[in-house]
Amino acid sequence: METEVTRSFLPLAAFLLPLAGAVLTMPLRRISARVRDITLLALTALAASVAVWLAARVAGGAVYEIYILQLTPDIWMYLRVDALGALFGATVAVLWMLALVYSWGYMAEGHRLGRYYSFFMLSLAWTMGVAYSGNLLTFLIFYELFSILTYPLVVHEQTPEAMAAGTKYIIYILVGGSLVLLAIVLTYFAAGDQTLTTGGILSAEIGQQRLFAIFWCYIAGFGVKAALVPLHGWVPDAHPAAPAPFSAVLSGVMVAAGSFGIMRVLFQVFGVELLREMGVMSMITILAGFTVLFAAVLAVNQDNLKRRLAYSTISQMAYVVLGVSLLGFDSTIGAIIHVTNHAFMKGGLFLCAGLFIRRLGVHRVSQLDGAAKRMPITAAGFAIAALGMIGTPPLSGFVSKWYLGLGMLETGNPLLLVVLLGGALLAAVYLLPIVYRMYFREPVLTADDKITAEGREAPASMLVPLVIVTLLTIALGLSASLPGMPVSLARMAAETFFH
Amino acid sequence: MDGAHVASEVVHTAAEVAHVTASPLPVLLVLVPLLGAALVYPLGRRWPKVRDAWVVVIAALTLLGATGLIPLIAEHHRVESVVHMLIGTLSFSVDSFSMLFAVFTSFIWLASTLYSLDYLKHEQKHDRYHTTSLVVLAAMLGVVLAGDLITLYLCFEALGLVAFLFVIHTETDDAKKASIKYFWMTVVGGFALIGGIFLTFALGGTGAIGPLPAGHGDELIRWAAAIMLILGFGVKAGMVPVHVWLPDAHPVAPSPASALLSGVMIKAGAYGIFRVVTGIFRPEVAETIEESLWHFSEQLGLAVLWIGIATMAIGVFLALQQSNAKRMLAYHSVSQMGFILAGIGAAGYLGSHGAMGVAGGLFHVVNHALFKACLFLGVGAVYFRTHSLDMYHLGGLWKKMPLTFLFTLIAAMGITGVPLLNGFVSKCLIHHAIVEAWEYRHLASLGIAEKIYIVTCGGTAASFIKLIGLVFLGKPKVEYGPEVKDAPKRMLVAMAALSVAIITLGLRPQILLKGVFQPGLHTWGLHGDLLDYYLEHYFLSPPDLMSVVVAFALGFTIFFVGMRFGLFHLHGPKWLSIDWWYRRLARGLIASCVSTDRAYEAVRSATSRFMRRTLSEYGGMAIRVGRRRRLLVATLLTGAPGARDQHFIQHAYVTLERERQDAVRRAVAQTIEKLHSPGDETAVVDETAYLDAVRDIAGYMAQRLMTERMGVLSDLTRTGDLQAARAPFEAVRSELTRVYRPIAETAIANAPRRMRGESVTREVAAAVNAILSNERFDLLIASAIPQARQALGQALEIGASVRHGLPPRSAIQAARADGLSALERAAAWSIEMLALVVDALTRERTGRLMDRPIDETTVLGTRLGIQRYARDIGLNVTVLLVLLLAFIGALALR
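First to last, the protein sequences are chains A and B. In terms of this note's numbering, the first sequence opens at residue 1 and continues consecutively. In terms of this note's numbering, the second sequence opens at residue 500 and continues consecutively.
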């Protein structure tokens, strides 16, 4: 495949724009909250359009790169936009922009908004950096920054639960981050700091044991963020504690950043052939398959809506790792697009959860009876996202599951269909009863909660993001085969991995 | 028929049969109802009448489009259109059979829609009903027109999920229960279906609805794929044992919706099974057909045939037990699907000679759609007027509702297979197919199947004799008022249209047999001439008529015996019901999820408790270790105090402690004396509190003094001059008592303020400092201390005086309050910081003033931190130094 590498400032711009937003948050508040909000939105929208434009160009065969900073004579900070990164970057930026708009309504009565917004923008900047990193050290820098500096967002509410969840988060993330650091250092000594372009920079010559050490350090390190099952503990606590717009991005793209890291490392550090030689991927397959089912089983019994969604995230993100671990062409496509599709679906679900919390004061599934009568648009958004999550055609979730299923057959594992379909069935079991409750149960109104029977729909600033993610869920499914859509980018990425 | 499948028999090649043309019509057929549905809500909100007209027009347009397929198919055999959507493309491909399904679907839909306009007056949410109806119509057409498995699956899922709204439409408790069961079975069926579709890819399929290539995949996957596909479609088709949702869901829907559910929608499942058995698992036409390739489809066909037989028998048996008319009809839907499956199964079993089975099965699909829809509409009309569905409570309605009676009777005659009506033809065709299947290999079991078939026909007859007899004939159980009259016109028109179709097909079966099935079979390369043979030799022949007579004789017998002996109200034990087992299974699954979660939570919380305990233990240990380490540092830096030093320090401590207590005691005594002296003017309200305040202040000051003195002594320990200080210490003991007086005075002076809760720290600290500088305990005892140390002491003294010389903090604070310029503020701040620094640096010598919590806790914390750090860094530097030395040594030795 022909690729033309272009030097361009755009990747840097996609990173710097939100960073500028973070810096400007406090000064702009001096002028007025409105100015701050509009400026932040403008910056994020600009970053998002840059990211989407880059994705479109990359889908057309271009590759962008920029050297930012020379750290040592050997080491550069280096951004490079390839198909995998472009898709992830576009997903991140768009979802973040929507969550930002949603924050206006959600955080309207919140405290410490300056801190919230500036860290929100900072996280976006780091995540864009993660998406566009061109070598391992750049990746490491952004990855660690974004892991650690999201802590203020996790504990934003500063309730005892939030603080406890934050502590848990930071411990897990630091341990995972250290392992990633260790792995990258080991990689550096084994292979030097090469750009992440070829299909693997490690070679079997460095010895089996060192390869295994590096491999497991990466898997354990990124596995914490990607919430593979023994390492998932922070996810179900962090999500209910965080503010809803942040939960949306936390679930939608931050957990996915772990999976993204795994993809980067497996395909571009190890390379498909080396991994096949090592023969370790079957263990990852088992781990991921177990995660899919186990987390989904746990989700069934959660009464706290956001907690249930958090378990769902663990289950769904394991699909990505599962798809990667099969080392099949189609399954890799499925894994890559599932990151994007899941981001918008789960983002939508969390936005709905936030609306229920803000408008109805409801945190629990069992209190959602009859919510559709009061919040018809929200309920519709929830229903569509839930169906997408299960993999109902023609929504986007179906497309990713389809490719994953094809990949399973392609690599000769028809039994894994049990995991694929079982996970989807369990998703139906934990999501659809909520939809049923919302639509077909009568609301139980007690005297002391001042819930009126009708007319509780949220302000437009909260509904518009929800509507947009819902439309994206539908559109990404319907138009999956068109050029420039996630599938084509994922196909390009997979072609470079499996060239 | 010898049944030998040899290559020469297959006369057509793919090139000959492939007449394909592209046309947008199939896509339009799906899109028109879908777009029509989009307008239902906006129209219905403003103009309900316009909306009613609109939905009828859309249904009529769809029917028109579907009939438009007929000439296209006649000319080209296959019409295709492709939309770029979803994964790659959605393709629609119409052959004769798809066309047949499309035509009868849209025909019955039109009838039902017309009927629903009046019927829905009972119901709420008309807009939702009509939207659902049109979307489901689009999905249904999508299913039958689909050209590949993905499109089929997409439409099938849409059909299943949206039809949920039909089932739950009335939103009664029954409807909710039924809809939940319906929904979960649809979802599970959908998963089975997609799993099966995936597996066809493992078998080398491309997603096309056509024969899988030979030689891919093993037998196990082939069976798994077939079972999952048939299960997936079978759920919708009401196939035993996954039929349990159907008898609950169909009766609770509004009658026109029941007609659609039972008449049309379950045919989507039948269509799927038809395509699976005779399409996907059929060997490729153009290939050289060998015995082994047909083997699988033969086995599959046999399995489906038996499923069909079981379905028809169980369905009829359960139908006879019902008293609710719609529920009975629903069970008959199950039973009639059994007929269809038996026909399709026979077709699969007979392979290239399966024309009779295909024709019988599909003819029965059309017939059942017509008469079951008509029956539901008829019973619905009865319900519309009488609001009762219990057959045992109705009766004699033929006089009140003659036209309804007529149409229902025609439909009932159709379903029971009365000659000259449509059911007769298809039932005979299926019967012939089963007989042929038996003759093919002379399997004894198929002989039994044939007998069961006849008995089932008898049961069907009994059941409808019961329906007609109890509801329309017989004596009225209650007096009906004038409101019980024939149904409204539009409902009658709908029923009439269906009845006409029933009679037409009964009289002229050639329309379908020659017009649709023969060309369709021809494109597959199967032997369509069997159907000619049927029309010439079997249609209305004496043996076939005899079988109808036998069935009716059986029917009357069952009816009278059943009514006489109450056999229609049997209730088996609940474990006999499949439904009960499904419920247990579902509950068990949920319960296992819940208990998994509980177990996980228990393990998790136990682990985290364990970890927390370990952590706190570790934390305690860390603190202890830290304390030891600091001790070690101090010892390393200053050396351990010797035994003699230790003894002297203890001695000094006891002495100084006594001094301290004496000082406090003296202050208190002096206070009491002052209070009780006659010249005292201070009016003290609370004596005890006053004394407490004095004791506090004096205690603090004495403590400070003691600490200072001990500090001086321990400094001497560090420098090793302690022994030299022994004699002076003993000598100055009397000097120490000089501080009693100032302490007492300060305490008394400040006690009232302290009582009021004000801070007296500054004053007291100042007094202590004054006492300290007057006393110079260190000079008193340090006669032997080297000059250099004294110089250091002086330097520190200067520091202390600088500190005292700086503007007091209160002044700075006051200045800040006055609103100074930024520069002045910065200067003030710098001075304050400088003061803090100087304070911190000199504090060690001048004593720990802040023994109590004060306002600037942070300052205190910082200071302590600095002190500790300074001490610790000493150790670190030492360790580094040692390491460095060791390193240098190692290098030097090399």
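Even for Gly, the Cβ is constructed at its ideal location relative to N, Cα and C. Remember, predicted model here, so these are calculated numbers, not experimental data.
Ends of the beta strand (DSSP E) at residue i?
i	result
Ile68(A)	62-70
Distance check for residue j and residue i, CA to CA, integer angstroms please.
i	j	result
Gly289(A)	Tyr319(A)	7 angstroms
Ser282(A)	Leu326(A)	8 angstroms
Val776(B)	Leu804(B)	11 angstroms
Gly348(A)	Leu1075(B)	45 angstroms
Leu1382(B)	Ser147(A)	37 angstroms
Leu719(B)	Val642(B)	28 angstroms
Leu463(A)	Phe15(A)	27 angstroms
Ala1326(B)	Gln194(A)	53 angstroms
Cys352(A)	Val419(A)	28 angstroms
Ile474(A)	Lys346(A)	13 angstroms
Leu1392(B)	Val1378(B)	21 angstroms
In terms of alpha-carbon separation, which member of the options lies closest to residue i?
i	options	result
Gly200(A)	Lys306(A), Val269(A), Ala385(A)	Val269(A)
Ile967(B)	Pro987(B), Gln1366(B), Arg577(B), Asp889(B)	Asp889(B)
Val435(A)	Asn135(A), Ala90(A), Ala379(A), Ser251(A)	Ala379(A)
Gly1054(B)	Ala880(B), Met912(B), Thr1245(B)	Met912(B)
Ser501(A)	Ala51(A), Asp37(A), Ala310(A)	Residue numbering for chain A in the displayed model covers 1 to 499; residue 501(A) lies beyond these limits and cannot be assessed.
Ile726(B)	Ser796(B), Gly714(B), Thr1187(B)	Ser796(B)
Gly694(B)	Leu644(B), Gly894(B), Leu730(B)	Leu730(B)
Leu1012(B)	Val686(B), Lys988(B), Phe1038(B)	Phe1038(B)
Val881(B)	Val581(B), Ala868(B), Lys898(B), Val865(B)	Lys898(B)
Thr955(B)	Trp744(B), Gln835(B), Gly850(B)	Gln835(B)
Ala948(B)	Gly837(B), Val593(B), Thr669(B), Ala1264(B)	Gly837(B)
Ile1001(B)	Arg1123(B), Ala910(B), Thr915(B)	Ala910(B)
Val467(A)	Pro376(A), Gly423(A), Ala490(A), Met438(A)	Pro376(A)
Gly1409(B)	His749(B), Val686(B), Gly646(B), Pro532(B)	Lying before the first or after the last residue shown, residue 1409(B) is absent from chain B, which here runs from 500 to 1393.
Gly1125(B)	Arg1367(B), Val581(B), Arg1082(B), Leu1088(B)	Arg1367(B)
May I ask you to list the residues that DSSP assigns as paired with residue i?
i	result
Tyr78(A)	Tyr67(A)
Asp647(B)	Ala707(B)
Glu4(A)	Ala62(A)
Ser524(A)	Given a span of 1 to 499 for chain A in the structure shown, any question on residue 524(A) remains unanswerable.
Phe591(B)	Ser580(B), Ala645(B)
Arg364(A)	Asn304(A)
Asp889(B)	Asn823(B)
Could you pull the start and end residues of the alpha helix (DSSP H) that residue i belongs to?
i	result
Phe1228(B)	1221-1235
Glu718(B)	718-736
Arg30(A)	10-31
Ala183(A)	160-191
His583(B)	Counting along the chain, His583(B) falls outside any alpha helix (DSSP H), though it belongs to the beta strand (DSSP E) covering 577-583.
Val235(A)	235-241
Val399(A)	396-410
Ala986(B)	Where Ala986(B) is concerned, there is no enclosing alpha helix (DSSP H), given that its DSSP letter is neither H nor E.
- Which of the residues in the region 1085-1102 of chain B, read from start to end, lie with their CB under 7 angstroms from any CB of chain A? Answer in chain order: Ile1089, Cys1092, Val1093, Thr1095, Asp1096, Tyr1099.
- Query: Got a sec: which bits of the region 298-311 of chain A sit with their beta carbon under 7 angstroms from any beta carbon on chain B, in order along the chain?
  - Reply: For the region 298-311 of chain A, which is checked against every Cβ of chain B, the residues closer than 7 angstroms are Leu298, Val300, Asn301.
- Scan the region 424-440 of chain A for residues whose Cβ lies nearer than 8 angstroms to a Cβ of chain B and list them as they occur along the chain. Under the 8 angstroms Cβ criterion, the region 424-440 of chain A contributes Ala424, Leu425, Leu426, Ala428, Val429, Leu432, Tyr436, Phe440.
- Contact residues within the region 404-425 of chain A, judged by C-beta distance below 7 angstroms to chain B: Per Cβ criterion, the list reads Gly405, Leu406, Leu409, Pro414, Leu417, Leu421, Ala424, Leu425.
- Residues of the region 481-496 of chain A whose Cβ lies closer than 9 angstroms to any Cβ of chain B, in chain order: For the region 481-496 of chain A, the set of residues with a beta-carbon nearer than 9 angstroms to any beta-carbon of chain B comprises Ser481, Leu482, Val487, in chain order.
- Determine which residues of the region 667-687 of chain B have a Cβ less than 9 angstroms from any Cβ of chain A, and write them out in chain order. Only Ile667, Glu670, Lys675, Ser678, Ile679, Phe682, Trp683, Val686, Val687 from the region 667-687 of chain B bring a Cβ to less than 9 angstroms from some Cβ of chain A.
- Using a beta-carbon distance cut-off of less than 9 angstroms, what residues from the region 978-991 of chain B approach chain A? Of all residues in the region 978-991 of chain B, none has a Cβ within less than 9 angstroms of some Cβ in chain A.
- Would you list, in chain order, the members of the region 1024-1045 of chain B that have their beta-carbon closer than 7 angstroms to a beta-carbon of chain A? For the region 1024-1045 of chain B, which is checked against every Cβ of chain A, not one residue is closer than 7 angstroms.
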